[in-house]
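Numbering (this note's numbering), first residue to last: 860 to 1129.
Think of the CB as a built atom: it goes at the ideal place given N, C-alpha and C, for glycine as much as any other residue.
None of the values given here were measured: they were computed from a predicted structure.
Each remark here refers to the structure printed beneath this line.
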């Protein structure tokens, strides 16, 4: 997009009893409207980079499309803030759902009436263990994501997500919306035919039910977070076969679900 992901802005900073003028770095926020077959489908409030990938990932995670080949054409109007998508393979459920939706930066699930209906159709159930991780893997991958999160370090205003294997980060994305960061990863993977079953999602924010469902739709078996999960997220993780690890700090972490993918827990048989 033409608009940068961050800008400089003069502010007043109070510290230790003193007020000083200061040039701070602030993350930008930008509305992007997805149009499918010339009809407005949803407006996403996001960080203005990788918006084409975000649109592809969002539509796939919503079940509108099943694969990147379902898209006949896609183009971005950067200045106007539109992503245009042409497809003949639109899910019938959405062909009958004409109201435009507005997706805020804080929560992607602003839709009504089909949270469980359509999400249940798209979410993948993990029945095997294509990847396992050790405690050291968890600490190392979290550290790699955090040290590479340059926009967060500058602004403190974005969420970060990374697609990893045990060797390290494959790609990482950031956004003001935590769901957008995952959609950007998913869209890239669909466009480049990346196998996802043996990959790991590393995430900076809390694991809500929405985020857990995003991980299930992407098709990853393990999600690592430096924050906490919610009860509903853990119930979904148990049901969908996803290993969730949270509160990953300097040398401590919590394993919540499906411990069969944690090396030390398999070996100790706890």
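In this structure residue 1049 is not in contact with residue 873, their Cβ atoms being roughly 47 Å apart against a cut-off of 8 Å. Restricting attention to alpha helix (DSSP H) runs no shorter than 4 residues, the stretch 987-1043 encloses them at 994-1006, 1009-1014, ordered along the chain. Rounded to the nearest whole angstrom, the C-alpha separation of residue 1103 and residue 922 is 24 Å. Residue pairing by DSSP puts residue 890 in a beta bridge opposite 904. Just so you know, the alpha carbons of residue 934 and residue 1008 end up roughly 28 Å apart. In the three-state reduction of the DSSP assignment, residue 929 falls in the helix class, which pools H, G and I. Runs of the beta strand (DSSP E) lying entirely within the stretch 1057-1123, each at least 3 residues long, are 1059-1062, 1081-1084, 1102-1105, 1113-1116 in chain order.
For residue 911, no beta strand (DSSP E) encloses it; the enclosing alpha helix (DSSP H) starts and ends at 910-920. Counting every other CB atom within 10 Å of its CB across the protein chains shown gives residue 932 a total below 16, marking it as exposed. Following the DSSP letters along the chain, one finds residue 866 inside the beta strand (DSSP E) bounded by residues 865-874. Taking residue 871 as the centre and dropping the five residues before and after it, the same chain places the C-beta of 878, 879, 880, 881 closer than 8 Å to its C-beta, in chain order.
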